[in-house]
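In my numbering, the protein residues as written are 611 to 1119.
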Amino acid sequence: MSNESLWLSASPGAVQTGNWASLPLRNETCYVNSARSVPCGQGRISLYSAVVRKTKHIQAAVRFVKHNVRLAIKNTGHCYLGRSVAPDSLQILTHNFKGIEFVDDFKPKGCSNNTGYGPAVTISAGVQLKELYTTLGERNLTAVLVAAHTVGAAGGYIQGGGHSPLGPWKGMAADNALEFTVVSAKGEVVVANDFQNSDLFWALRGGGGGGSWGVASSVTIRTFPDPPTAVQSLVISAANDTAFWGFVEEFHAKLPSVNDAGGSGYYFLTAGTPGNISTLTIGLFFAGHTNDMIMAEVMDPLVEYANVTLGSSSVVTMRFQAPAFKYVINELLPGDSDTGGSITHLGSRPVSCGFLSRRAGAAKLTEALKKVFGPSVGAGGSFTGHLVAGGQVARNAKLDVAVNPAWRRTVTHLAGGVSWSQNATVEEQREVERRVTEEMVPLLAELEPDMGAYLNEADANERDFQRSFWGDHYPRLREVKKRWDPEGIFITRVDVGSEGWDGEGLCRM
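Pasting the structure below:
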(Lines of atoms letter the chains of each structure in order from A and count residues from 1; the text may use other names and numbers.)
(Lines give C-alpha, C1' and ligand atoms only; values in the text may rest on other atoms or scores of the structure.)
Protein backbone atom coordinates (compact mmCIF):
# COMPACT_ATOMS: atom_id res chain seq x y z
CA MET A 1 0.00 0.00 0.00
CA SER A 2 2.72 2.49 0.92
CA ASN A 3 4.30 2.51 -2.57
CA GLU A 4 0.99 2.70 -4.45
CA SER A 5 0.53 6.14 -5.93
CA LEU A 6 -3.27 6.28 -5.64
CA TRP A 7 -3.00 5.82 -1.89
CA LEU A 8 -0.08 8.24 -1.63
CA SER A 9 -1.92 10.92 -3.61
CA ALA A 10 -5.04 10.68 -1.45
CA SER A 11 -3.24 10.69 1.91
CA PRO A 12 -2.49 14.11 3.44
CA GLY A 13 0.57 12.68 5.21
CA ALA A 14 2.29 11.15 2.17
CA VAL A 15 4.24 12.22 -0.91
CA GLN A 16 5.22 10.36 -4.06
CA THR A 17 8.98 10.89 -3.64
CA GLY A 18 9.63 9.63 -0.15
CA ASN A 19 12.74 11.62 0.71
CA TRP A 20 10.64 14.81 0.93
CA ALA A 21 8.74 13.41 3.90
CA SER A 22 11.94 13.57 5.95
CA LEU A 23 13.77 16.60 7.32
CA PRO A 24 17.51 15.87 7.71
CA LEU A 25 18.08 19.28 9.32
CA ARG A 26 16.22 17.97 12.39
CA ASN A 27 17.33 14.37 11.87
CA GLU A 28 13.70 13.40 11.21
CA THR A 29 14.15 10.73 8.55
CA CYS A 30 11.12 8.51 9.09
CA TYR A 31 9.27 7.32 5.96
CA VAL A 32 5.66 6.33 5.39
CA ASN A 33 6.56 2.64 5.11
CA SER A 34 8.99 2.58 8.02
CA ALA A 35 8.30 0.07 10.78
CA ARG A 36 5.88 1.39 13.39
CA SER A 37 8.45 0.64 16.05
CA VAL A 38 10.80 3.29 14.60
CA PRO A 39 10.51 6.65 16.41
CA CYS A 40 9.41 9.23 13.89
CA GLY A 41 9.27 13.02 13.86
CA GLN A 42 6.96 15.03 11.63
CA GLY A 43 9.66 15.82 9.04
CA ARG A 44 8.36 18.03 6.22
CA ILE A 45 4.82 16.63 6.42
CA SER A 46 2.30 19.35 7.27
CA LEU A 47 0.93 19.51 10.80
CA TYR A 48 -2.64 20.08 9.58
CA SER A 49 -4.48 19.57 6.30
CA ALA A 50 -7.51 21.29 4.79
CA VAL A 51 -9.08 18.59 2.60
CA VAL A 52 -10.91 20.82 0.14
CA ARG A 53 -13.77 19.96 -2.20
CA LYS A 54 -14.88 23.45 -3.29
CA THR A 55 -13.33 26.77 -4.17
CA LYS A 56 -14.72 28.37 -1.02
CA HIS A 57 -12.82 25.78 1.06
CA ILE A 58 -9.59 26.91 -0.59
CA GLN A 59 -10.47 30.55 0.07
CA ALA A 60 -11.00 29.90 3.77
CA ALA A 61 -7.64 28.14 4.07
CA VAL A 62 -5.73 30.87 2.20
CA ARG A 63 -7.30 33.60 4.32
CA PHE A 64 -6.31 31.69 7.45
CA VAL A 65 -2.62 31.33 6.48
CA LYS A 66 -2.34 35.11 6.20
CA HIS A 67 -1.96 34.93 9.99
CA ASN A 68 1.75 34.11 9.54
CA VAL A 69 1.23 30.39 8.86
CA ARG A 70 3.40 28.44 6.41
CA LEU A 71 1.30 27.03 3.56
CA ALA A 72 1.85 23.86 1.52
CA ILE A 73 -0.33 22.85 -1.43
CA LYS A 74 -0.63 19.19 -2.34
CA ASN A 75 -2.48 18.04 -5.42
CA THR A 76 -1.06 14.50 -5.68
CA GLY A 77 2.43 14.87 -4.19
CA HIS A 78 4.17 14.19 -7.50
CA CYS A 79 7.09 16.57 -7.07
CA TYR A 80 10.77 15.69 -7.30
CA LEU A 81 11.71 19.01 -5.70
CA GLY A 82 9.58 18.84 -2.56
CA ARG A 83 7.26 21.75 -3.41
CA SER A 84 4.12 20.07 -2.05
CA VAL A 85 5.45 19.81 1.52
CA ALA A 86 6.77 22.21 4.15
CA PRO A 87 7.62 21.70 7.82
CA ASP A 88 5.29 23.17 10.48
CA SER A 89 2.73 24.06 7.82
CA LEU A 90 -0.94 23.96 6.95
CA GLN A 91 -1.59 21.87 3.85
CA ILE A 92 -4.32 22.45 1.27
CA LEU A 93 -5.09 19.02 -0.24
CA THR A 94 -6.98 19.38 -3.55
CA HIS A 95 -7.17 15.64 -4.28
CA ASN A 96 -10.95 15.44 -3.63
CA PHE A 97 -11.86 18.49 -5.73
CA LYS A 98 -13.26 16.70 -8.81
CA GLY A 99 -15.01 17.88 -11.95
CA ILE A 100 -14.66 17.45 -15.73
CA GLU A 101 -16.70 19.57 -18.16
CA PHE A 102 -16.44 19.52 -21.96
CA VAL A 103 -17.38 22.32 -24.34
CA ASP A 104 -17.41 22.33 -28.16
CA ASP A 105 -16.22 25.92 -28.55
CA PHE A 106 -14.65 27.50 -25.48
CA LYS A 107 -15.04 31.25 -24.97
CA PRO A 108 -12.81 32.69 -22.22
CA LYS A 109 -14.41 34.97 -19.65
CA GLY A 110 -14.05 38.61 -20.63
CA CYS A 111 -13.81 37.87 -24.35
CA SER A 112 -15.33 40.85 -26.16
CA ASN A 113 -16.33 38.97 -29.32
CA ASN A 114 -17.97 35.68 -30.17
CA THR A 115 -14.81 34.02 -31.44
CA GLY A 116 -14.27 30.73 -29.67
CA TYR A 117 -11.08 28.81 -29.07
CA GLY A 118 -12.45 25.46 -30.21
CA PRO A 119 -13.09 22.23 -28.28
CA ALA A 120 -11.85 22.22 -24.69
CA VAL A 121 -12.27 20.61 -21.30
CA THR A 122 -12.34 22.29 -17.89
CA ILE A 123 -10.93 20.16 -15.09
CA SER A 124 -11.08 20.78 -11.36
CA ALA A 125 -7.99 20.79 -9.20
CA GLY A 126 -8.14 17.16 -8.07
CA VAL A 127 -8.60 15.45 -11.43
CA GLN A 128 -5.80 12.95 -12.07
CA LEU A 129 -4.49 12.00 -15.48
CA LYS A 130 -5.84 8.44 -15.64
CA GLU A 131 -9.33 9.80 -14.87
CA LEU A 132 -8.94 12.44 -17.56
CA TYR A 133 -7.50 10.06 -20.17
CA THR A 134 -10.40 7.65 -19.60
CA THR A 135 -13.02 10.38 -19.96
CA LEU A 136 -11.33 11.81 -23.06
CA GLY A 137 -11.09 8.34 -24.61
CA GLU A 138 -14.82 7.75 -24.17
CA ARG A 139 -15.36 10.78 -26.42
CA ASN A 140 -12.61 9.85 -28.91
CA LEU A 141 -10.68 12.93 -27.82
CA THR A 142 -7.19 13.53 -26.46
CA ALA A 143 -5.23 16.37 -24.87
CA VAL A 144 -1.59 17.28 -24.33
CA LEU A 145 -0.77 15.40 -21.12
CA VAL A 146 2.02 13.28 -19.71
CA ALA A 147 2.00 9.48 -19.47
CA ALA A 148 1.13 8.94 -15.79
CA HIS A 149 -1.81 7.67 -13.74
CA THR A 150 -1.90 9.95 -10.72
CA VAL A 151 -0.30 13.26 -11.70
CA GLY A 152 -2.80 16.06 -11.08
CA ALA A 153 -3.38 17.75 -14.41
CA ALA A 154 -4.28 21.19 -13.03
CA GLY A 155 -1.34 21.52 -10.65
CA GLY A 156 2.39 21.81 -11.11
CA TYR A 157 2.37 19.74 -14.30
CA ILE A 158 0.80 22.42 -16.50
CA GLN A 159 2.05 25.35 -14.42
CA GLY A 160 5.61 24.06 -14.78
CA GLY A 161 5.34 23.73 -18.57
CA GLY A 162 4.17 20.14 -19.01
CA HIS A 163 6.06 17.99 -21.49
CA SER A 164 4.08 15.29 -23.30
CA PRO A 165 4.50 12.49 -25.85
CA LEU A 166 2.07 14.56 -27.94
CA GLY A 167 4.36 17.60 -27.69
CA PRO A 168 5.84 17.42 -31.21
CA TRP A 169 2.27 17.13 -32.53
CA LYS A 170 0.54 19.90 -30.53
CA GLY A 171 3.07 21.66 -28.26
CA MET A 172 3.50 21.68 -24.49
CA ALA A 173 0.67 21.44 -21.98
CA ALA A 174 1.17 25.09 -20.99
CA ASP A 175 0.85 26.08 -24.66
CA ASN A 176 -2.63 24.54 -24.69
CA ALA A 177 -4.00 26.04 -21.47
CA LEU A 178 -6.81 28.49 -22.20
CA GLU A 179 -7.94 29.68 -18.77
CA PHE A 180 -7.24 29.26 -15.05
CA THR A 181 -9.46 29.88 -12.05
CA VAL A 182 -7.21 30.62 -9.08
CA VAL A 183 -7.56 31.57 -5.44
CA SER A 184 -5.12 34.45 -5.03
CA ALA A 185 -2.97 35.48 -2.08
CA LYS A 186 -5.83 37.76 -0.99
CA GLY A 187 -8.20 34.80 -0.85
CA GLU A 188 -10.09 36.09 -3.87
CA VAL A 189 -11.28 34.00 -6.84
CA VAL A 190 -9.46 35.21 -9.94
CA VAL A 191 -9.99 34.17 -13.56
CA ALA A 192 -6.85 34.45 -15.71
CA ASN A 193 -6.86 34.23 -19.49
CA ASP A 194 -5.93 36.30 -22.55
CA PHE A 195 -8.57 38.92 -21.73
CA GLN A 196 -8.28 39.47 -17.98
CA ASN A 197 -5.40 39.16 -15.55
CA SER A 198 -3.22 38.37 -18.53
CA ASP A 199 0.04 38.84 -16.60
CA LEU A 200 -0.98 36.09 -14.18
CA PHE A 201 -2.15 33.93 -17.11
CA TRP A 202 1.27 34.31 -18.70
CA ALA A 203 3.02 33.26 -15.47
CA LEU A 204 0.74 30.27 -14.87
CA ARG A 205 1.77 28.80 -18.21
CA GLY A 206 5.22 27.49 -17.35
CA GLY A 207 6.28 30.12 -14.82
CA GLY A 208 6.49 28.06 -11.64
CA GLY A 209 5.74 24.88 -9.78
CA GLY A 210 2.29 24.15 -8.41
CA GLY A 211 1.29 26.58 -5.68
CA SER A 212 3.72 29.33 -6.63
CA TRP A 213 1.07 31.78 -7.93
CA GLY A 214 -2.07 30.77 -6.07
CA VAL A 215 -4.24 27.67 -5.72
CA ALA A 216 -5.70 26.63 -9.05
CA SER A 217 -9.28 25.42 -8.57
CA SER A 218 -9.67 24.65 -12.29
CA VAL A 219 -7.94 24.91 -15.64
CA THR A 220 -9.33 24.75 -19.18
CA ILE A 221 -7.23 23.05 -21.86
CA ARG A 222 -7.67 22.34 -25.56
CA THR A 223 -8.89 18.94 -26.73
CA PHE A 224 -8.27 17.30 -30.10
CA PRO A 225 -9.70 14.38 -32.06
CA ASP A 226 -7.76 11.30 -30.94
CA PRO A 227 -5.19 10.67 -33.70
CA PRO A 228 -4.11 7.35 -35.19
CA THR A 229 -0.58 6.68 -34.01
CA ALA A 230 2.27 4.62 -35.44
CA VAL A 231 4.39 2.92 -32.78
CA GLN A 232 7.93 1.52 -32.83
CA SER A 233 9.66 -0.25 -29.96
CA LEU A 234 13.30 -1.29 -29.78
CA VAL A 235 15.08 -3.05 -26.93
CA ILE A 236 18.87 -3.44 -26.86
CA SER A 237 20.48 -5.77 -24.31
CA ALA A 238 24.24 -6.07 -24.41
CA ALA A 239 27.37 -6.08 -22.29
CA ASN A 240 28.24 -2.74 -20.75
CA ASP A 241 31.10 -2.13 -23.16
CA THR A 242 32.27 -0.09 -26.13
CA ALA A 243 29.74 -1.57 -28.56
CA PHE A 244 26.76 -0.82 -26.34
CA TRP A 245 27.80 2.79 -25.79
CA GLY A 246 28.50 3.07 -29.51
CA PHE A 247 24.85 2.27 -30.12
CA VAL A 248 23.80 4.85 -27.52
CA GLU A 249 25.76 7.43 -29.52
CA GLU A 250 24.24 6.29 -32.82
CA PHE A 251 20.73 6.47 -31.37
CA HIS A 252 21.20 10.02 -30.09
CA ALA A 253 22.66 11.08 -33.44
CA LYS A 254 19.43 9.86 -35.09
CA LEU A 255 17.08 11.75 -32.75
CA PRO A 256 16.88 14.93 -34.90
CA SER A 257 15.73 12.76 -37.83
CA VAL A 258 13.16 11.00 -35.63
CA ASN A 259 11.96 14.40 -34.46
CA ASP A 260 11.77 15.80 -38.00
CA ALA A 261 9.55 12.83 -38.93
CA GLY A 262 7.14 13.72 -36.12
CA GLY A 263 8.38 11.12 -33.66
CA SER A 264 8.14 11.37 -29.90
CA GLY A 265 8.46 8.94 -27.01
CA TYR A 266 10.59 7.72 -24.15
CA TYR A 267 13.73 5.69 -23.73
CA PHE A 268 15.26 4.11 -20.63
CA LEU A 269 18.90 3.23 -20.18
CA THR A 270 19.98 0.94 -17.37
CA ALA A 271 23.74 0.51 -17.17
CA GLY A 272 24.82 -2.80 -15.70
CA THR A 273 27.82 -3.03 -13.43
CA PRO A 274 31.09 -3.94 -15.19
CA GLY A 275 30.79 -7.31 -16.90
CA ASN A 276 26.98 -7.37 -16.71
CA ILE A 277 24.22 -6.59 -19.18
CA SER A 278 23.06 -3.05 -19.95
CA THR A 279 19.74 -2.28 -21.61
CA LEU A 280 18.30 0.52 -23.71
CA THR A 281 14.51 0.33 -24.06
CA ILE A 282 12.97 2.66 -26.66
CA GLY A 283 9.31 3.44 -27.35
CA LEU A 284 8.53 5.90 -30.15
CA PHE A 285 5.17 7.32 -31.24
CA PHE A 286 4.22 9.09 -34.46
CA ALA A 287 0.89 10.80 -33.70
CA GLY A 288 -1.31 11.41 -36.73
CA HIS A 289 0.66 8.99 -38.92
CA THR A 290 -0.66 5.78 -40.45
CA ASN A 291 2.19 5.09 -42.88
CA ASP A 292 4.85 2.64 -41.70
CA MET A 293 7.29 4.08 -44.21
CA ILE A 294 7.81 7.13 -42.02
CA MET A 295 9.12 4.95 -39.22
CA ALA A 296 11.01 2.69 -41.59
CA GLU A 297 13.00 5.54 -43.07
CA VAL A 298 14.34 6.72 -39.72
CA MET A 299 14.37 3.52 -37.68
CA ASP A 300 15.41 0.69 -40.05
CA PRO A 301 18.99 2.00 -40.40
CA LEU A 302 19.25 2.14 -36.61
CA VAL A 303 17.99 -1.44 -36.23
CA GLU A 304 20.42 -2.61 -38.91
CA TYR A 305 23.29 -0.83 -37.12
CA ALA A 306 22.36 -2.61 -33.88
CA ASN A 307 22.19 -6.02 -35.58
CA VAL A 308 25.63 -5.55 -37.13
CA THR A 309 27.46 -4.12 -34.12
CA LEU A 310 25.73 -5.94 -31.26
CA GLY A 311 24.34 -9.07 -32.92
CA SER A 312 20.71 -9.87 -33.68
CA SER A 313 20.32 -11.74 -30.38
CA SER A 314 20.75 -8.40 -28.60
CA VAL A 315 17.97 -6.66 -30.54
CA VAL A 316 14.20 -6.95 -30.16
CA THR A 317 12.00 -4.65 -32.25
CA MET A 318 8.29 -4.28 -33.01
CA ARG A 319 6.20 -1.92 -35.11
CA PHE A 320 2.42 -1.49 -35.21
CA GLN A 321 -0.41 0.92 -35.93
CA ALA A 322 -2.75 2.08 -33.17
CA PRO A 323 -6.13 3.40 -34.40
CA ALA A 324 -6.01 6.11 -31.70
CA PHE A 325 -3.52 7.42 -29.17
CA LYS A 326 -5.71 6.16 -26.30
CA TYR A 327 -4.59 2.62 -27.14
CA VAL A 328 -0.97 3.69 -26.73
CA ILE A 329 -1.81 5.27 -23.38
CA ASN A 330 -3.56 2.09 -22.25
CA GLU A 331 -0.38 0.16 -23.01
CA LEU A 332 1.81 2.70 -21.24
CA LEU A 333 -0.51 2.93 -18.22
CA PRO A 334 -1.83 -0.52 -17.36
CA GLY A 335 -3.91 -0.74 -14.19
CA ASP A 336 -4.96 2.24 -12.14
CA SER A 337 -1.83 3.41 -10.34
CA ASP A 338 1.84 4.25 -10.68
CA THR A 339 4.58 3.04 -8.36
CA GLY A 340 5.36 5.74 -5.81
CA GLY A 341 7.24 6.20 -2.60
CA SER A 342 10.72 6.06 -4.08
CA ILE A 343 13.64 7.83 -2.41
CA THR A 344 15.27 9.70 -5.28
CA HIS A 345 17.32 12.84 -5.79
CA LEU A 346 16.92 13.81 -9.41
CA GLY A 347 19.10 15.64 -11.88
CA SER A 348 18.24 16.55 -15.47
CA ARG A 349 19.15 18.50 -18.57
CA PRO A 350 17.52 19.14 -21.96
CA VAL A 351 19.61 18.63 -25.09
CA SER A 352 19.05 20.79 -28.15
CA CYS A 353 18.31 19.61 -31.65
CA GLY A 354 21.20 21.72 -32.94
CA PHE A 355 23.66 20.04 -30.59
CA LEU A 356 22.70 16.50 -31.65
CA SER A 357 22.54 17.47 -35.33
CA ARG A 358 26.33 17.68 -35.19
CA ARG A 359 27.94 14.25 -34.98
CA ALA A 360 30.36 15.51 -32.36
CA GLY A 361 27.35 16.42 -30.23
CA ALA A 362 26.11 12.84 -29.91
CA ALA A 363 29.66 11.69 -29.13
CA LYS A 364 30.14 14.30 -26.41
CA LEU A 365 26.76 13.49 -24.85
CA THR A 366 27.58 9.78 -24.81
CA GLU A 367 30.93 10.42 -23.13
CA ALA A 368 29.18 12.47 -20.44
CA LEU A 369 26.61 9.71 -19.88
CA LYS A 370 29.36 7.10 -19.63
CA LYS A 371 31.06 9.14 -16.91
CA VAL A 372 27.84 9.16 -14.90
CA PHE A 373 26.42 5.71 -15.70
CA GLY A 374 29.09 3.81 -17.62
CA PRO A 375 31.21 0.71 -16.90
CA SER A 376 33.60 2.60 -14.62
CA VAL A 377 30.71 3.35 -12.23
CA GLY A 378 30.68 0.40 -9.88
CA ALA A 379 27.02 0.68 -8.91
CA GLY A 380 25.74 1.17 -12.47
CA GLY A 381 22.90 3.66 -12.96
CA SER A 382 19.91 4.62 -15.08
CA PHE A 383 18.27 7.55 -16.79
CA THR A 384 15.15 8.33 -18.80
CA GLY A 385 15.16 10.17 -22.09
CA HIS A 386 12.05 12.14 -22.93
CA LEU A 387 11.72 12.72 -26.68
CA VAL A 388 8.92 15.23 -26.17
CA ALA A 389 10.00 18.43 -27.91
CA GLY A 390 10.70 19.72 -31.39
CA GLY A 391 7.88 19.95 -33.92
CA GLN A 392 5.05 22.09 -32.55
CA VAL A 393 6.94 22.72 -29.29
CA ALA A 394 9.59 24.50 -31.37
CA ARG A 395 7.05 26.24 -33.60
CA ASN A 396 5.29 27.62 -30.53
CA ALA A 397 8.30 29.82 -29.77
CA LYS A 398 6.12 32.72 -30.91
CA LEU A 399 3.64 32.16 -28.08
CA ASP A 400 3.86 34.59 -25.16
CA VAL A 401 4.03 32.07 -22.32
CA ALA A 402 6.48 31.76 -19.41
CA VAL A 403 7.86 28.37 -20.48
CA ASN A 404 11.68 28.32 -20.50
CA PRO A 405 12.70 29.41 -24.04
CA ALA A 406 15.20 26.53 -24.06
CA TRP A 407 12.28 24.13 -24.60
CA ARG A 408 11.81 25.60 -28.08
CA ARG A 409 15.28 24.30 -29.03
CA THR A 410 15.11 20.97 -27.18
CA VAL A 411 14.95 17.56 -28.83
CA THR A 412 15.35 15.31 -25.76
CA HIS A 413 15.16 15.81 -21.99
CA LEU A 414 17.41 13.54 -19.90
CA ALA A 415 16.63 12.81 -16.26
CA GLY A 416 18.40 10.47 -13.87
CA GLY A 417 18.09 9.89 -10.16
CA VAL A 418 20.27 8.59 -7.35
CA SER A 419 18.68 6.89 -4.35
CA TRP A 420 19.53 5.96 -0.79
CA SER A 421 18.14 3.43 1.63
CA GLN A 422 15.71 4.21 4.44
CA ASN A 423 18.50 3.52 6.89
CA ALA A 424 20.95 5.98 5.33
CA THR A 425 22.49 8.50 7.69
CA VAL A 426 22.13 12.23 7.14
CA GLU A 427 25.75 12.29 5.97
CA GLU A 428 25.05 9.55 3.41
CA GLN A 429 22.00 11.40 2.14
CA ARG A 430 23.98 14.59 1.71
CA GLU A 431 26.68 12.69 -0.16
CA VAL A 432 24.08 11.51 -2.67
CA GLU A 433 22.83 15.07 -3.13
CA ARG A 434 26.42 16.28 -3.52
CA ARG A 435 27.08 13.70 -6.23
CA VAL A 436 24.04 14.84 -8.22
CA THR A 437 24.64 18.58 -7.77
CA GLU A 438 28.42 18.68 -8.08
CA GLU A 439 29.17 15.79 -10.45
CA MET A 440 26.23 14.47 -12.45
CA VAL A 441 24.42 17.68 -13.39
CA PRO A 442 27.59 19.69 -14.21
CA LEU A 443 28.78 16.96 -16.60
CA LEU A 444 25.61 17.39 -18.64
CA ALA A 445 25.29 21.14 -18.13
CA GLU A 446 28.72 21.92 -19.52
CA LEU A 447 27.68 20.45 -22.90
CA GLU A 448 25.18 23.29 -23.42
CA PRO A 449 25.37 25.81 -20.56
CA ASP A 450 22.49 27.92 -21.90
CA MET A 451 19.91 25.10 -21.99
CA GLY A 452 19.07 25.17 -18.29
CA ALA A 453 16.77 22.53 -16.79
CA TYR A 454 13.09 21.55 -16.65
CA LEU A 455 11.73 23.00 -13.41
CA ASN A 456 9.45 20.00 -12.71
CA GLU A 457 12.22 17.40 -13.02
CA ALA A 458 15.43 19.03 -11.87
CA ASP A 459 18.02 18.95 -9.13
CA ALA A 460 16.37 20.28 -5.96
CA ASN A 461 19.63 22.13 -5.29
CA GLU A 462 19.85 23.57 -8.81
CA ARG A 463 22.43 26.34 -8.96
CA ASP A 464 21.25 29.65 -10.40
CA PHE A 465 17.78 28.11 -10.69
CA GLN A 466 16.27 31.41 -11.81
CA ARG A 467 18.15 31.40 -15.10
CA SER A 468 18.25 27.61 -15.35
CA PHE A 469 14.47 27.21 -15.14
CA TRP A 470 13.28 30.32 -16.97
CA GLY A 471 16.17 31.96 -18.82
CA ASP A 472 15.40 35.57 -19.75
CA HIS A 473 11.83 35.27 -18.44
CA TYR A 474 12.82 35.46 -14.77
CA PRO A 475 12.86 39.26 -14.28
CA ARG A 476 9.33 39.49 -15.69
CA LEU A 477 8.21 36.59 -13.48
CA ARG A 478 9.66 38.31 -10.44
CA GLU A 479 7.62 41.44 -11.17
CA VAL A 480 4.42 39.42 -11.58
CA LYS A 481 5.16 37.68 -8.27
CA LYS A 482 5.55 41.01 -6.46
CA ARG A 483 2.24 42.16 -7.90
CA TRP A 484 0.20 39.05 -7.06
CA ASP A 485 1.90 37.76 -3.91
CA PRO A 486 3.80 40.62 -2.23
CA GLU A 487 3.77 39.00 1.23
CA GLY A 488 5.06 35.61 0.05
CA ILE A 489 1.99 33.50 0.89
CA PHE A 490 2.88 31.08 -1.93
CA ILE A 491 6.54 30.21 -1.45
CA THR A 492 7.79 26.89 -2.77
CA ARG A 493 11.24 25.39 -3.08
CA VAL A 494 13.60 26.83 -5.76
CA ASP A 495 10.73 28.77 -7.28
CA VAL A 496 9.91 32.35 -8.18
CA GLY A 497 10.60 34.57 -5.17
CA SER A 498 12.03 31.79 -2.99
CA GLU A 499 15.48 33.39 -2.95
CA GLY A 500 14.11 35.76 -0.31
CA TRP A 501 13.48 32.87 2.09
CA ASP A 502 15.41 30.05 3.74
CA GLY A 503 15.45 26.59 2.15
CA GLU A 504 12.20 25.51 3.84
CA GLY A 505 10.36 28.78 3.22
CA LEU A 506 9.94 29.47 6.94
CA CYS A 507 12.05 32.56 7.51
CA ARG A 508 12.85 35.57 5.37
CA MET A 509 16.52 35.89 4.57
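The beta carbon of each residue, even a glycine, is placed where N, CA and C say it ideally should be.
It should be emphasised that the depicted structure is a prediction, and the values quoted were computed from it without experimental measurement.
For C963 and R1019, believed in contact at Cβ under 8 Å, the rounded distance:
6 Å
Just checking my contact of S827 with F707 at CB under 8 Å: how many whole Å lie between their CB atoms?
7 Å
Cα-Cα separation between K676 and I1099, rounded to whole angstroms:
7 Å
Ranges of the alpha helix (DSSP H) found wholly within the segment 1015-1049, counting only runs of at least 4:
1036-1045
R680 burial status per 10 Å Cβ neighbour count (16 or more: buried):
buried
Hey, which unbroken runs of the alpha helix (DSSP H) at 4 residues or more fall wholly within the segment 1039-1103?
1051-1055, 1075-1080 and 1084-1094
Helix, strand or coil: how does DSSP classify K684 here?
strand
With a floor of 3 residues, list each beta strand (DSSP E) that falls wholly inside the segment 758-799, ordered by position along the chain.
787-793
Restricting to Cα atoms, I'd like to know which of N807, V1104 and D902 is closest to A840.
D902
Pairwise C-alpha distance: H955 and V1028:
5 Å
Can you give the Cα-Cα distance for G651 and T639, rounded to whole angstroms?
8 Å
Please return the same chain residues whose Cβ sits closer than 6 Å to the Cβ of F878, not counting the five positions on each side in sequence.
T891 and T994
Other residues of its chain near G709: CB distance less than 6 Å, five sequence neighbours each side excluded:
S734
Span of the alpha helix (DSSP H) around F895:
It is not in any alpha helix (DSSP H) - F895 instead sits in the beta strand (DSSP E) that spans I887 to A897.
For R832 and T725, the rounded distance between their alpha carbons:
15 Å
Let me know the beta strand (DSSP E) ranges lying completely inside the segment 815-871, each 3 residues or longer, listed in chain order.
825-832 and 839-849
Of the choices G873, G872, Y743 and S888, whose alpha-carbon is the least far from that of G856?
S888
Those residues which DSSP pairs with S924 across a bridge:
In DSSP, S924 forms no bridge with anything.
Tell me whether Q806 sits in a helix, a strand or coil according to DSSP, three-state version.
coil
Pairwise C-alpha distance: H773 and W1017
9 Å
Here's a check: name, in chain order, each residue in its chain whose Cβ is nearer than 6 Å to the Cβ of T1102, leaving out the five neighbours to either side.
R693, G819, G821 and S822
Measuring only the C-alpha atoms, how far is V551 from A763?
Given a span of 611 to 1119 for the chain in the structure shown, any question on residue 551 remains unanswerable.
Rounded to whole angstroms, what's the CA-CA distance from N1066 to T686? Just pull it up for me.
14 Å
Whole-angstrom distance between F834 and I939, CA atom to CA atom:
15 Å
Can you confirm whether W855, when its beta carbon is compared against all beta carbons of chain D, has any partner nearer than 8 Å?
The displayed structure is made up of one protein chain only, and chain D is not part of it.
Would you check if there are 3 or more beta carbon pairs closer than 8 Å linking the segment 652-660 to the segment 1070-1082?
no
Where does Y937 fall in DSSP's three states?
helix
Along the chain, where does the beta strand (DSSP E) that runs through A735 open and close?
Looking at the DSSP string, A735 is not in any beta strand (DSSP E), and its letter there is neither H nor E.
Between which residues of its own chain and A978 is the CB-CB distance below 7 Å, once the five residues before and five after are set aside?
L1053, L1054 and L1057
Between N678 and I953, is the Cβ-Cβ spacing less than 8 Å?
no
Got a sec? Which residues, its chain only, sit under 8 Å from S967 by beta carbon, not counting five neighbours each side?
P866
Cβ pair count under 8 Å reaching 3, the segment 808-818 against the segment 753-771:
yes
Per-residue burial, K1091 [other beta carbons within 10 Å of its own, 16 or more giving buried]:
buried
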